[in-house]
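Peer 1: The number in this note's numbering is simply the position in the sequence shown, starting from 1, with 15 added. Think of the CB as a built atom: it goes at the ideal place given N, C-alpha and C, for glycine as much as any other residue. Structure provided below as structure tokens; questions to follow.
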Amino acid sequence: MADFNVFDAVSRRMKWLEQRQGVLADNIANADTPDYKPRRMEDPEFVGALQRELEPMQPKVTNAGHINASVPDAQTPEAEEQDETYETAPNGNAVVIEEQMVKVADTQQSHRAMTNIYRKYMDMFRMAWGSGGGG
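Below, the structure is given as structure tokens:
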């Protein structure tokens, strides 16, 4: 059986997104707690890891007459967190609800993307195994 590293990478990313969602929920829940500083999670270098896993699957030009069908490189995510907070309330709380909600939306979008990657790979394997794809 082949080593399905893409599934491992997607699984690790989903676990990280779950943890990030928990941290963001804690930050929002403590939005009125005096002297509370929002916590953050460092984003692992997921895009580069996924590219390394997919590289053997990239189309290759084996004849000069072939059309170059290369897949464009995904962009490496930039740092999304700031070391300093945007503002601090008079009671010392540094949670900015709007900032946290943007991060929650980003986490949701990333989760949806990982789910779609997983679904597409499962469809590909179903087609290869002859049990039909689609979905």
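Going straight from the alpha carbon of Q124 to that of T103, what length do you get?
Peer 2: About 28 Å.
Peer 1: Let me know the secondary structure DSSP gives V111 once reduced to three states.
Peer 2: It is coil, neither helix nor strand.
Peer 1: Using the beta-carbon count (16 or more within 10 Å), is V117 buried or exposed?
Peer 2: V117 is exposed by the Cβ-count criterion.
Peer 1: On the three-state DSSP scale, how would you describe Y51?
Peer 2: In the structure shown, Y51 sits in coil (DSSP, three-state: anything other than H, G, I, E or B).
Peer 1: Going straight from the alpha carbon of N51 to that of M29, what length do you get?
Peer 2: Reading the sequence as shown, one finds Tyr at residue 51 and not Asn. Y51 and M29: Cα-Cα distance of roughly 27 Å.
Peer 1: In whole angstroms, give me the CA-to-CA distance for N20 and Y136.
Peer 2: Cα-Cα distance, rounded: 11 Å.
Peer 1: Hey, quick one: how far does the alpha helix (DSSP H) through D58 stretch, first residue to last?
Peer 2: Where D58 is concerned, there is no enclosing alpha helix (DSSP H), given that its DSSP letter is neither H nor E.
Peer 1: Just verifying my parser: in three-state terms, what is the DSSP assignment at T103?
Peer 2: Correct three-state label for T103: coil.
Peer 1: Around the C-beta of N42, are 16 or more other C-beta atoms found within 10 angstroms, so that it is buried, or is it exposed?
Peer 2: The residue in question, N42, is buried, as its Cβ has 16 or more Cβ neighbours within 10 Å.
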